[in-house]
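Numbering (numbering that gives the first Met the number 0), first residue to last: 0 to 422.
One structure is given below, encoded as structure tokens.
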Amino acid sequence: MAAGYAELLRTRHAARLLAGTLVGRLPNATAPIAIVLLTRAEGGSYTLAGGLAAVYGLANAVGQPLLGRAVDLYGQPRVQLPAAVLSALGMVLLTLAGTDPLPLAYAAVALAGVFTPPLEGGLRALWPDVLGREDRVHRAYAMDAVAQEIMFTVGPLLVTLLVALWSPAAALLVINAVGVLGALSVVLSEPSRTWRSAPREAHWLGALRSPGLLALLGSFFFVGLALGSITVAGVAYADDHGREAVYGWLMAALGLGALGGGMLYGARQWAGAPERRLRFIVALLAAGYLPLMLTPGVPAMVVLAAVSGVFLAPALACAFIVVDRHAPRGTVTEAFSWLVTTFGVGAAVGTGVAGPAVEYGGTAASFAVAAGGGVAALVVLLTTRRVLTIPVTAPLPRDSGVIPCENDRIGAAEPGFRTGHQA
């Protein structure tokens, strides 16, 4: 299992790109909890904390596809680094202004969110050039999802540690400074400097003209909603039990569960269409969120959090392949950025809904938001299975409505996986 990932990381540039991307994304991964803790430290309510985190998430959702399209058109260094600096400056403004006056606080989180650099989509655009073979690219998607879970495990613990040592404001400043350094490491690398997107058809919808991609995005909106609501629900659960550290334990357990699931998923080659596999994985993901509504004691809750995370990384890794199969040619960074966007919008809605749910229905009600999101994600995949189905035995007609994917160059890794990156 680990040998396969080690082989990928020994490839030139791979370890640097993965590490730089993860470090560069740390501000985005930790922003919701950092914003919540900063707001609570200044005496703000859960509703205000959820509102600020929601604005950050919505601004991030607006910025990701726009910046992703800019990367496809102009290259990575000219977009990623300036965006990272501007996003960090937004968080600096929040730490200086605090939550009073409120309009300035909302403007600061909006600035930070809209200029969050699309490093995640950029990395997946680089993997084919760095790794070559399509089977290695697919394993890299799984490794990417696993590495993200390490970040989502370490990130909350790092935030809570920085808050304990200094303050929520100091935590925001440190994490965003480190994030800029991560983005700098990526854009100075040779693959990032030389990468260019495939020629694209001029179309105002860009990647969104693919029906299959739209179906996937609809499902992962609700996956994001589930995770966003857990961010607030976990803080409420920790408050109920009188210990701030409980939140870190819950998020770490969630991340460790996803880490284990992702490593197992990436350890083997999977037969069959990934769209069908994704429906099964999301069904298991939804089932894992339901027991969280029981809100048992801390040890049992930590176990439930770990179980609920097991199928998250496999769902993300499989979704990356589905995006690749349905993305229009020349829109690879934009397509992956749309996945980040819908995930972010869902998370923003989840944080916005979970705050009032805590205040009016208690902690169990906020975890019910997560369970509902998981079930809704599965329903979307089941009801859109027709547009997500790619025929295996025959070439697609030109008017099929399914657009060749961006990254698959040899069409060998998955049944029905078609070439879309021709010279």
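Idealized CB from N, CA, C, for every residue including glycine.
Since the structure is predicted, the reported quantities are computational estimates derived from the model, not experimental observations.
Check: Under the three-state DSSP convention, the category ALA214 falls into; Outcome: helix
Check: Spatial neighbours of TRP269 in its chain, beta-carbon cut-off 7 Å, leaving aside the 5 residues before and after; Outcome: ARG276
Check: Range covered by the alpha helix (DSSP H) that runs through LEU289; Outcome: It is not in any alpha helix (DSSP H) - LEU289 carries neither H nor E in the DSSP assignment.
Check: Endpoints, the alpha helix (DSSP H) within which ASP71 is located; Outcome: 45-73
Check: Beta-carbon proximity list for SER365, same chain, < 7 Å, skipping 5 on both sides; Outcome: SER228, VAL231, ALA232, ALA235, ALA353, ALA356, VAL357
Check: THR294 (DSSP reduced to helix, strand or coil); Outcome: coil
Check: VAL173 and LEU161 closer than 9 Å at C-beta; Outcome: yes
Check: Neighbourhood of LEU183 by C-beta distance below 7 Å, restricted to the same chain and skipping five residues each side; Outcome: LEU80
Check: Backbone CA spacing between LEU380 and LEU338 [nearest angstrom]; Outcome: 15 Å
Check: Simplified DSSP state of ALA163, which is helix, strand or coil; Outcome: helix
Check: 9 Å Cβ cutoff met for LEU157 and ALA369; Outcome: no
Check: Neighbourhood of ARG68 by C-beta distance below 7 Å, restricted to the same chain and skipping five residues each side; Outcome: GLY205, GLU333
Check: Residue of VAL78, LEU51, PRO31, VAL84 minimising C-alpha distance to ALA104; Outcome: LEU51
Check: Helix, strand or coil at ARG11 according to DSSP, with G and I counted as helix; Outcome: coil
Check: Inter-stretch contact at 8 Å, needing at least 3 Cβ pairs: the segment 40-56 / the segment 4-20; Outcome: no
Check: Validate contact between the segment 54-61 and the segment 339-353 using beta carbons, cut 8 Å, 3 pairs; Outcome: yes
Check: Bounding residues of the alpha helix (DSSP H) (the contiguous stretch that carries GLY326); Outcome: A quick correction: the sequence has Ala, not Gly, at residue 326. From DSSP, ALA326 is part of no alpha helix (DSSP H); its letter is neither H nor E.
Check: Where ALA393 falls: helix, strand or coil (DSSP); Outcome: Since pLDDT at ALA393 reaches only 38, below the 50 mark, its modelled position is unreliable, and the value read off the structure follows with that caveat. Of the three classes helix, strand and coil, the one that applies to ALA393 here is coil, per DSSP.
Check: Proximity below 9 Å, CB of VAL22 to CB of VAL177; Outcome: yes
Check: Residue environment, PRO295, which counts as buried when at least 16 other CB atoms sit within 10 Å; Outcome: exposed
Check: Closest residue to PHE114 among MET90, PRO127, PRO100, PRO31 (Cα-Cα distance); Outcome: MET90
Check: Three-state class that DSSP yields for VAL356 in the structure shown; Outcome: The question names Val, yet the displayed sequence has Ala at residue 356. In the structure shown, ALA356 sits in a helix (DSSP, three-state: H, G or I).
Check: Alpha-carbon spacing of VAL309 relative to PRO26, whole angstroms; Outcome: 24 Å
Check: Of the listed residues GLY329, ALA376, MET300, ALA314, nearest to ALA363 (C-alpha basis); Outcome: MET300
Check: Cβ-based burial, ARG77 [other Cβ within 10 Å; buried from 16]; Outcome: exposed
Check: Neighbourhood of SER188 by C-beta distance below 8 Å, restricted to the same chain and skipping five residues each side; Outcome: HIS12, ARG15, LEU16, GLY19
Check: Sub-9 Å separation of ALA304 and LEU249 beta-carbons; Outcome: yes
Check: Extent of the continuous alpha helix (DSSP H) to which SER86 belongs; Outcome: 76-96
Check: Alpha carbon of LEU311 to alpha carbon of LEU216, nearest angstrom; Outcome: 15 Å
Check: Residue burial classification, ALA163 (beta-carbon count within 10 angstroms, cutoff 16); Outcome: exposed
Check: Assigned secondary structure, HIS137 (DSSP; H/G/I helix, E/B strand, else coil); Outcome: helix
Check: Exposure of ALA429, with buried meaning 16 or more beta-carbon neighbours within 10 Å; Outcome: Residue coverage of the chain in this structure runs from 0 to 422, which leaves residue 429 outside it and unanswerable.
Check: Nearest residue (CA-CA) to ARG132, options LEU101, THR10, ALA109; Outcome: THR10
Check: LEU460 and THR94 closer than 9 Å at C-beta; Outcome: Nothing about residue 460 can be reported from this structure: the residues present for the chain run from 0 to 422 only.
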